[in-house]
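A.B. asks: Sequential numbering from 1127 applies to the sequence shown in the numbering used here.
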Amino acid sequence: MEYKTITYEVENNVCVITLNRPETYNAISEEMCKDLIQALRHADSDNNVRALLLKSNGKAFSSGGDINDMKVSLHRSTTEILEFVNGFTRMAKQLINFSKPTICAAHGAVAGAGFSIVLACDITIAAENVRLMQAFGNVGLLPDSGSCYLLARIVGLSRAKELVFSRRMVEAEEAKSLGIVHQIVPLEELETTAMNLAEQYATGPTRAFALAKGIINASQESTLDQVLDSETYRQTALFATEDFREGVAAFLEKRKPEFKGK
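Here it is as structure tokens:
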């Protein structure tokens, strides 16, 4: 499968998707959205893929939406603009609902829809030089690609509004304190650290991870009873898995389990 704006490879059960438009600081074009949707669908359905690492080539993770696409949109019909924006929505849904652990390796500038991608991943490892900005307001737009929803959940309503209204830069340490990124490392250690984490998650009980992720993602829109019921039914299903049998056997035999996601 060939992609024009990203690269795709699988190594040690980790799918590595790399944003690959360094000449535009990895601006997210309409074509990149389509590539990401296709790549994420393929990876999610591939049983050999048990975790996802999302990273980028060049000096920046992503400068956000491609300004050239926005310029073209000045002359598009409302129907055409709706389809264009829906491309970002579909991309966000595909990433947020990805059934396996998702790790983002972010560095340099992270703006607009690039910020949305960071928020949509389960875990983000950031380089010391990372700079994040809710830049949508700079072109008269609101945060999309899930940013309004995800940012408020992570940092709280008031702080989310402040970041959107101010459009200010959030540096690495503040991003970590807000819960936007989970670990800060030197730039030269970023990809290795993120890949090591992805490989670690890929050796885990990924079927259980997927079910837990679904419950956690829905938890703030669910009642306690709904969450407990989901846990009950999904836990019952997990008792029938190979991973459960392996986990119990490994515990009794005092060895490390070898999970296969089955």
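Heads up, the beta-carbon is just placed ideally off N, CA and C, and yes, glycines get one too.
Using the DSSP secondary-structure output, state which residues sit across from residue 1188 in a beta bridge.
C.D. replies: Along the sequence shown, one-based indexing puts residue 1188 at 62. 1236, per the DSSP bridge assignment.
A.B. asks: Leaving out five residues before and five after residue 1216 in sequence, what residues of the same chain have Cβ atoms less than 7 Å from its Cβ?
C.D. replies: Sequence index remark: in the sequence shown, residue 1216 carries index 90 (1-based). So the list reads 1163, once near-sequence residues are dropped.
A.B. asks: By the DSSP assignment, the alpha helix (DSSP H) with residue 1324 in it spans what residues?
C.D. replies: Working through the sequence shown from its first residue, we reach residue 1324 at position 198. First-last of the alpha helix (DSSP H) with residue 1324: 1316-1328.
A.B. asks: Tell whether a beta-carbon distance below 8 Å holds between residue 1335 and residue 1227.
C.D. replies: The sequence position of residue 1335 within the sequence shown is 209, counting from 1. The sequence position of residue 1227 within the sequence shown is 101, counting from 1. Result yes, Cβ atoms of residue 1335 and residue 1227 sit closer than 8 Å.
A.B. asks: Take residue 1293 as the anchor and find which of 1274, 1260, 1170, 1192 has the nearest alpha-carbon.
C.D. replies: Taking the sequence shown and counting its residues from 1, the one referred to as residue 1293 is at position 167. Minimum Cα distance to residue 1293 is reached at 1260.
A.B. asks: Along the alpha helix (DSSP H) that carries residue 1288, what are the first and last residues, could you check?
C.D. replies: If you number the sequence shown from 1, residue 1288 lands on position 162. 1283-1292 is the extent of the alpha helix (DSSP H) around residue 1288.
A.B. asks: Let's test the definition: count the other Cβ atoms within 10 Å of the Cβ of residue 1134 and tell me whether it reaches 16, buried, or not, exposed.
C.D. replies: What you label residue 1134 is simply residue 8 of the sequence shown in a count that begins at 1. Burial call: buried.
A.B. asks: CA-CA distance, residue 1185 and residue 1129?
C.D. replies: Translated into the one-based positions of the sequence shown, residue 1185 becomes position 59. Translated into the one-based positions of the sequence shown, residue 1129 becomes position 3. In a straight line, the C-alpha of residue 1185 is about 21 Å away from that of residue 1129.
A.B. asks: Do residue 1181 and residue 1231 have their C-beta atoms within less than 8 Å of each other?
C.D. replies: In the sequence shown, the residue the question calls residue 1181 occupies position 55. In the sequence shown, the residue the question calls residue 1231 occupies position 105. Yes, they are a contact pair.
A.B. asks: Please name the residue or residues paired with residue 1257 in a DSSP beta bridge.
C.D. replies: Position 131 of the sequence shown holds residue 1257. Residue 1257 pairs with 1235, 1297.
A.B. asks: Let me know the secondary structure DSSP gives residue 1133 once reduced to three states.
C.D. replies: By 1-based counting over the sequence shown, the position of residue 1133 is 7. Looking at residue 1133 - three-state DSSP - the assignment turns out to be strand.
A.B. asks: Note down the Cα distance separating residue 1142 from residue 1295, rounded to an integer number of angstroms.
C.D. replies: Walking along the sequence shown from the start, residue 1142 turns up at place 16. Walking along the sequence shown from the start, residue 1295 turns up at place 169. Taking the straight line from one Cα to the other gives about 28 Å.
A.B. asks: Report the rounded CA-to-CA distance for residue 1233 versus residue 1187, giving the unit in angstroms.
C.D. replies: Position 107 of the sequence shown, counted from the start, is the residue given in the question as residue 1233. Position 61 of the sequence shown, counted from the start, is the residue given in the question as residue 1187. Distance between the alpha carbons of residue 1233 and residue 1187: 5 Å.
A.B. asks: Along the chain, where does the alpha helix (DSSP H) containing residue 1179 start, and where does it finish?
C.D. replies: The residue given as residue 1179 occupies position 53 in the sequence shown. Run containing residue 1179: none in the alpha helix (DSSP H); it sits in the beta strand (DSSP E), 1177-1182.
A.B. asks: Where does the unbroken beta strand (DSSP E) through residue 1144 begin, and where does it stop?
C.D. replies: Taking the first residue of the sequence shown as 1, we reach residue 1144 at position 18. Residues 1140-1145.
A.B. asks: Going by Cα to Cα distance, which pick from 1252, 1241, 1156 is closest to residue 1207?
C.D. replies: Here the question's residue 1207 lines up with position 81 in the sequence shown. When each option's Cα is compared against that of residue 1207, the closest is 1156.
A.B. asks: DSSP beta-bridge partners for residue 1230?
C.D. replies: Position 104 of the sequence shown, counted from the first residue, corresponds to residue 1230. Paired residue(s): 1180, 1250.
A.B. asks: Grab the span of the alpha helix (DSSP H) containing residue 1346 for me, first residue to last.
C.D. replies: To locate residue 1346, count along the sequence shown from 1; it is residue 220. Looking at the DSSP string, residue 1346 is not in any alpha helix (DSSP H), and its letter there is neither H nor E.
A.B. asks: Less than 8 Å between the C-beta atoms of residue 1140 and residue 1324, yes or no?
C.D. replies: Taking the first residue of the sequence shown as 1, we reach residue 1140 at position 14. Taking the first residue of the sequence shown as 1, we reach residue 1324 at position 198. Yes, they are a contact pair.
A.B. asks: Can you give the Cα-Cα distance for residue 1152 and residue 1262, rounded to whole angstroms?
C.D. replies: Stepping through the sequence shown from its first residue, residue 1152 is reached at position 26. Stepping through the sequence shown from its first residue, residue 1262 is reached at position 136. When rounded, the distance between both Cα atoms is 16 Å.
A.B. asks: Let's test the definition: count the other Cβ atoms within 10 Å of the Cβ of residue 1344 and tell me whether it reaches 16, buried, or not, exposed.
C.D. replies: Walking along the sequence shown from the start, residue 1344 turns up at place 218. By the 10 Å Cβ count, residue 1344 comes out exposed.
A.B. asks: Using three-state DSSP, classify residue 1193 as helix, strand or coil.
C.D. replies: As a first step, residue 1193 is located in the sequence shown; it is residue number 67 there, counting from the start. Residue 1193 falls in the helix class under three-state DSSP.
A.B. asks: Indicate the three-state DSSP secondary structure (helix, strand or coil) for residue 1211 in the structure shown.
C.D. replies: Your numbering for residue 1211 matches position 85 in the sequence shown. Note: residue 1211 maps to helix in three-state DSSP.
A.B. asks: What do you get for residue 1145, buried or exposed, if any count of 16 or more other CB atoms within 10 angstroms of its CB means buried?
C.D. replies: Looking up residue 1145 in the sequence shown gives position 19. Counting Cβ neighbours within 10 Å, residue 1145 comes out buried, since at least 16 surround it.
A.B. asks: Kindly list the residues whose CB is nearer than 8 Å to the CB of residue 1150, restricted to its own chain and excluding five residues on each side of it in sequence; keep chain order.
C.D. replies: Here residue 1150 refers to the residue found at position 24 when the sequence shown is read from its first residue. The answer, listed in chain order, is 1189, 1192.
A.B. asks: Quick check on DSSP: helix, strand or coil for residue 1311?
C.D. replies: To locate residue 1311, count along the sequence shown from 1; it is residue 185. Of the three classes helix, strand and coil, the one that applies to residue 1311 here is strand, per DSSP.
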